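Undergrad: Provided herewith is a single structure, encoded as structure tokens, for subsequent inquiry.
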Amino acid sequence: MRLAHVEARLEQQVALNHLIASSYEDLTKVGLTNLNSQRIQARLAALKDDWEKFSIVHEAIGIALQELSTSYYHHAKLPRIEIPKFNGNPEEWLSFKDLFTSLVIANRSLSAVEKIQYLKTSLVGNAAQLLRNMTITGDNFQRAWETLIAFYENTRMLVNSTLNSLLNLKRMSKESAQEMELLYTNIMQIYRSLENLQRPVGQWDDFLVFVAVQRLDSESVKAWEQHLGSTKEPPTWKQFTEFLLSRLRSLQAFEKTRHGKFTTHPHKISVKTHIQGINKADTC
36 MRLAHVEARL EQQVALNHLI ASSYEDLTKV GLTNLNSQRI QARLAALKDD WEKFSIVHEA
96 IGIALQELST SYYHHAKLPR IEIPKFNGNP EEWLSFKDLF TSLVIANRSL SAVEKIQYLK
156 TSLVGNAAQL LRNMTITGDN FQRAWETLIA FYENTRMLVN STLNSLLNLK RMSKESAQEM
216 ELLYTNIMQI YRSLENLQRP VGQWDDFLVF VAVQRLDSES VKAWEQHLGS TKEPPTWKQF
276 TEFLLSRLRS LQAFEKTRHG KFTTHPHKIS VKTHIQGINK ADTC
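Counting in this note's numbering, the final residue of the sequence shown is number 319, and the numbers go up one at a time with none missing.
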């Protein structure tokens with residue numbers, strides 16, 4: 036049913052609704068003296084017919100709207116979303132899985148064939164080899180997805196890989212906002228990964244802080260010790276990450292100010308040159 040037909044049916048419903056709603060009023064208009072059993076039965080029969088018509092049209096409109104909605108869902112031009120490639124790196128599995136589930140699996144407008152096609156084109160390297168012999172058919176999508184989960188959803192392997200990333204974080208070579216931002220981002224990503232793996236990171240403050248402090252440059256370590264002051268209690272993870280964020284913002288502000296000072300040099304030179312030019316002109 037086209038949208039114009041739905042609109043016409045809605046107008047018909049409005050008219051029927053008016054007839055049904057005004058049935059009692061129309062019946063009483065003839066006056067109590069003129070009311071009899073035959074007139075009432077005739078009015079009830081007419082009301083029953085109107086209600087049946089109303090119910091049938093109401094159901095038809097509901098079906099038509101659902102079909103129109105489904106048709107629009109299938110044919111509307113959706114924004115192109117790039118799905119990141121997964122090469123089999125265990126550290127990237129959880130983020131790939133969550134993103135693919137959100138963008139593809141949960142997308143009701145995609146058929147199973149389209150989903151497995153998206154899946155196979157999103158895999159490279161070892162991950163692609165895992166599904167190399169699986170043909171692109173609707174029946175194979177669920178099997179393909181379960182194959183990936185069975186192979187990569189290895190909590191022990193994922194935890195080992197994540198902890199390995201933590202222990203191999205690169206140490207900052209100098210006091211730099213860029214290096215501090217990279218360290219902060221990597222540390223928080225590792226922490227969130229461990230949380231997603233349901234590890235008891237809330238009990239690992241001592242270990243996590245110790246490892247992370249070893250990755251700071253010497254000036255940042257000094258600033259961290261000054262931040263702790265005379266306290267003898269081991270710092271919490273929350274204290275450390277708040278320090279990192281504060282330190283990052285300070286470095287960013289400092290470097291921005293320093294950069295601003297550099298940009299003023301050309302103006303000073305141009306003024307000096309202009310004055311020298313005036314002096315030469317006076318001499319002549």
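Just so it is clear, CB atoms sit at the ideal spot from N, CA and C, and this is done for glycine as well.
Values in this document were obtained by computation on a predicted structure and should not be read as measured data.
#1: Determine the closest residue to Gln118 out of Pro125, Phe135, Leu129 and Glu126, with distance taken between C-alpha atoms.
#2: Kindly indicate which three-state DSSP category Leu166 falls into: helix, strand or coil?
#3: What residues in its chain sit with their C-beta under 7 Å from that of Gln164, if we drop five residues either side in the sequence?
#4: Should Ile171 and Val148 be called a contact, given that it needs their Cβ atoms to be closer than 9 Å?
#5: Compute the Euclidean distance between the alpha carbons of Thr276 and Leu229, then round it to the nearest angstrom.
#6: Between the region 196–205 and the region 167–181, are three or more C-beta pairs nearer than 8 Å?
#7: CA-CA distance, Ser90 and Lys150?
#8: Just verifying my parser: in three-state terms, what is the DSSP assignment at Leu158?
#9: Under the rule that 16 or more other beta-carbon atoms within 10 Å means buried, what is Arg178, buried or exposed?
#10: How long is the line joining the alpha carbons of Leu45 and Ile96, rounded to whole angstroms?
#11: Confirm, please, whether the CB-CB distance from Leu279 to Ile222 is below 9 Å.
#12: Can at least three beta-carbon pairs, one atom from the region 279–292 and one from the region 208–215, be found at a separation below 8 Å?
#13: Where does the unbroken alpha helix (DSSP H) through Leu263 begin, and where does it stop?
#14: Taking 9 Å as the cut-off, decide whether the C-beta atoms of Met207 and Arg250 are in contact.
#15: Taking buried to mean at least 16 other C-beta atoms within 10 Å of its own C-beta, is Val139 buried or exposed?
#16: For Gly160, which residues from the same chain have a beta carbon less than 7 Å from its beta carbon, with the 5 sequence-adjacent residues on both sides left out?
#17: Following a CB-centred definition, is Gln249 positioned closer than 8 Å to any heavy atom of the ligand PLP?
#18: Taking 8 Å as the threshold, find out whether the region 230–243 comes into contact with the region 257–266 through three or more Cβ pairs.
#19: Contact defined as beta carbons within less than 8 Å: I believe His93 pairs with Gln48. What is the distance between those atoms, to the nearest angstrom?
#20: Report the start-end ranges of each beta strand (DSSP E) in the region 174–251 that is 3 residues or longer and not cut off at the edges.
#21: Whose C-alpha, out of Ser265, Leu243, Met192 and Leu129, is nearest the C-alpha of Lys273?
#22: Please confirm whether Glu181 and Lys132 have their CB atoms less than 9 Å apart.
#23: Apart from the five residues just before and just after Glu268, which ones in its own chain have a Cβ nearer than 7 Å to its Cβ?
#24: Would Phe176 be called buried (16 or more neighbouring beta carbons within 10 Å of its own) or exposed?
#25: Using 9 Å as the threshold, is the C-beta distance between Gly158 and Leu145 below it?
#26: If you compare alpha carbons, which of Val246, Leu263 and Asn231 is closest to Asn203?
TA: With the given structure in hand:
#1: Checking the sequence shown, residue 118 turns out to be Ile, not Gln. Here the closest residue by C-alpha is Phe135.
#2: Leu166 sits in coil when the DSSP states are folded into three classes, being neither helix nor strand.
#3: Contacts found: none.
#4: Against a cut-off of 9 Å, the Cβ pair of Val148 and Ile171 comes out as a contact.
#5: If you take the alpha carbons of Thr276 and Leu229, they lie about 16 Å apart.
#6: Because the criterion of three Cβ pairs below 8 Å is not met, the region 196–205 and the region 167–181 do not touch.
#7: So the alpha carbons of these two residues sit roughly 39 Å apart.
#8: Leu158: strand per DSSP, three-state reduction.
#9: Exposed.
#10: Ile96 has its alpha-carbon roughly 8 Å from the corresponding atom of Leu45.
#11: Yes; because the gap between Cβ atoms is below 9 Å, this pair is in contact.
#12: Yes, since at least three Cβ pairs between the region 279–292 and the region 208–215 fall closer than 8 Å, the two stretches touch.
#13: Here the alpha helix (DSSP H) through Leu263 covers Ser253 to Leu263.
#14: Closer than 9 Å, so yes.
#15: For Val139, the number of other beta carbons within 10 angstroms of its own is at least 16, and it is reported as buried.
#16: Residues Asn122 and Gly123 of the same chain have their beta carbon placed closer than 7 Å to that of Gly160, with the five preceding and five following residues left out of the count.
#17: As for the ligand PLP, it is missing from this structure, which has no ligand bound.
#18: With a cut-off of 8 Å on Cβ pairs, the region 230–243 is not in contact with the region 257–266, counting fewer than three such pairs.
#19: Going by Cβ atoms, the distance from His93 to Gln48 rounds to 7 Å, so yes, they are a contact pair.
#20: Runs found: none.
#21: The option with the nearest alpha carbon to Lys273 is Leu243.
#22: Contact flag unset, no.
#23: Answer for Glu268: no residue qualifies.
#24: It counts as buried.
#25: A small fix is needed here, since residue 158 is Leu in this sequence, not Gly. No; because the gap between Cβ atoms is not below 9 Å, this pair is not in contact.
#26: With distances taken between Cα atoms, Asn203 lies closest to Val246.
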